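Shown next, in structure tokens, is the structure this report addresses.
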Amino acid sequence: MNPPALPVVKKQFIKRHVVLARMNDNEIYAEKLRTILKLRHEPVAIKLVKKEEDYPCGYDIPEAQMSHCQAVLSAKNGKCFKLPLKMQGCNVGAACLNMIKNPEKVKSGEFHANIGIHESPIGAKNMIDARTDIPYETQGEIVCPLKSATFVPDVVAIVDIPERIYWFGGLFTYKDGGRVQYSTAPFQCACEDLTAIPIVTGKPNISLGCFGCRKKTDMKSDEMAIGIPFSLVPTMVTTLEIYQNGVFCKAKRD
702 MNPPALPVVK
712 KQFIKRHVVL
722 ARMNDNEIYA
732 EKLRTILKLR
742 HEPVAIKLVK
752 KEEDYPCGYD
762 IPEAQMSHCQ
772 AVLSAKNGKC
782 FKLPLKMQGC
792 NVGAACLNMI
802 KNPEKVKSGE
812 FHANIGIHES
822 PIGAKNMIDA
832 RTDIPYETQG
842 EIVCPLKSAT
852 FVPDVVAIVD
862 IPERIYWFGG
872 LFTYKDGGRV
882 QYSTAPFQCA
892 CEDLTAIPIV
902 TGKPNISLGC
912 FGCRKKTDMK
922 SDEMAIGIPF
932 SLVPTMVTTL
942 EIYQNGVFCK
952 AKRD
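Residues in the sequence shown are numbered from 702 upward in steps of one, following the numbering used here.
In structure tokens:
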């Protein structure tokens, strides 16, 4: 006699977990973040390549220069980039990521003041003086969807609506509670807010976006972003699975 057929739900459960078992860790993290949080886009892996460090294999240099923010916002749509210094299209971002020295017009505030958000170069200079930069020299970066990352990222960046980003405050404070503080400015969303600050502080950081992102990328008017140190991602994913059948059932989630 043949054994009874498994219920459909059980079959689906087994099939899903067999698929997950065949994935690498980054694919599993990306899949769970995307499906449980209902993300619009792919989580993005960012790795800064230090001086004298080898680049991870298997990633191609793009045909044209691009800024860090353009790479991050393109990677959320599935693209992968190897960006050595020569392919960096924004000196402000490259300086924040410590690939080059800060250009004089950026240091003086002249560059950002000319855009018109600050009243004078003094205000723009104060913003740059307070900026968080990468403390070690880098020669480039790899930016790609987390699911495609064959390396250990420094940071995972997520771009989405506030409701999705909101939950990371809970994921970060799930065990010990407390409050979360974020740092941002009208400029340098992707390079400083999402990359440099999480690397330097070891904590997630939220950005409302910036002038460059909203001018040069497809970031939507209703979107914001968060950068998460990769070391925190495994625990956050575990907590997210608890949320899935717990607090998510009590909250409004579109």
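From the three backbone atoms N, C-alpha and C, an ideal C-beta is built for every residue, glycine too.
What you are looking at is a predicted structure, and each value in this text was computed from that prediction instead of being measured.
**Message:** For G870 and S809, I'd like the C-alpha separation in whole angstroms.
**Reply:** On the sequence shown, position 169 is the one that residue 870 refers to. On the sequence shown, position 108 is the one that residue 809 refers to. Rounded to whole angstroms, G870 to S809 spans 35 Å at the Cα level.
**Asked** Going by the CB atoms, is the gap between K751 and Y875 shorter than 9 Å?
**Response** For the purposes of this step, residue 875 is identified with residue 174 of the sequence shown, where counting begins at 1. For the purposes of this step, residue 751 is identified with residue 50 of the sequence shown, where counting begins at 1. Using a Cβ distance threshold of 9 Å, Y875 and K751 do not count as a contacting pair.
**Prompt:** Between V807 and A825, what straight-line distance do the alpha-carbon atoms span, to the nearest angstrom?
**Reply:** Translated into positions along the sequence shown, residue 807 becomes position 106. Translated into positions along the sequence shown, residue 825 becomes position 124. Rounded to whole angstroms, V807 to A825 spans 8 Å at the Cα level.
**Item:** Backbone secondary structure at V853 - three-state DSSP
**Value:** In the sequence shown, residue 853 corresponds to position 152, counting from 1. Collapsing the DSSP output to three states places V853 in coil.
**Item:** Spatial distance of I843 from E942 (CA atoms)
**Value:** For the purposes of this step, residue 843 is identified with residue 142 of the sequence shown, where counting begins at 1. For the purposes of this step, residue 942 is identified with residue 241 of the sequence shown, where counting begins at 1. Whole-angstrom Cα-Cα distance: 29 Å.
**P757 in three-state terms, based on DSSP** = The sequence position of residue 757 within the sequence shown is 56, counting from 1. P757 falls in the coil class under three-state DSSP.
**Request:** For H742, I'd like the list of residues in its chain whose CB is within less than 7 Å of its CB, leaving aside the five on either flank, ordered along the chain.
**Result:** Taking the sequence shown and counting its residues from 1, one reaches residue 742 at position 41. Taken in chain order, the residues that qualify are K777, N778, V860 and D861.
**Prompt:** What did DSSP end up calling V710 once you bin it into helix, strand or coil?
**Reply:** For this step, residue 710 is matched to residue 9 along the sequence shown. Any reading at V710 is ruled out, since the residue's pLDDT is 44, under 50, leaving its predicted position unreliable.
**Item:** C-alpha gap between F852 and G910, whole angstroms
**Value:** The residue labelled residue 852 in the question sits at position 151 within the sequence shown. The residue labelled residue 910 in the question sits at position 209 within the sequence shown. Rounded to the nearest whole angstrom, the C-alpha separation of F852 and G910 is 27 Å.
**Asked** Do the region 879 to 889 and the region 724 to 737 touch if we need at least three Cβ pairs shorter than 8 Å?
**Response** Fewer than three Cβ pairs drawn from the region 879 to 889 and the region 724 to 737 lie within less than 8 Å of each other, which leaves the two stretches out of contact.
**Message:** Given a cut-off of 9 Å on the beta-carbon distance, is the pair M925 and I829 in contact?
**Reply:** As a first step, residue 925 must be located in the sequence shown, where it is residue number 224. As a first step, residue 829 must be located in the sequence shown, where it is residue number 128. Cβ distance not < 9 Å, so M925 and I829 don't count as in contact.
**DSSP three-state assignment for V901, whether helix, strand or coil** = Position 200 of the sequence shown, counted from the first residue, corresponds to residue 901. Of the three classes helix, strand and coil, the one that applies to V901 here is helix, per DSSP.
**Prompt:** Bridge partners of L784, per DSSP?
**Reply:** Locating residue 784 in the sequence shown gives position 83, counting from the first residue. In the DSSP assignment, the residues bridged to L784 are E842.
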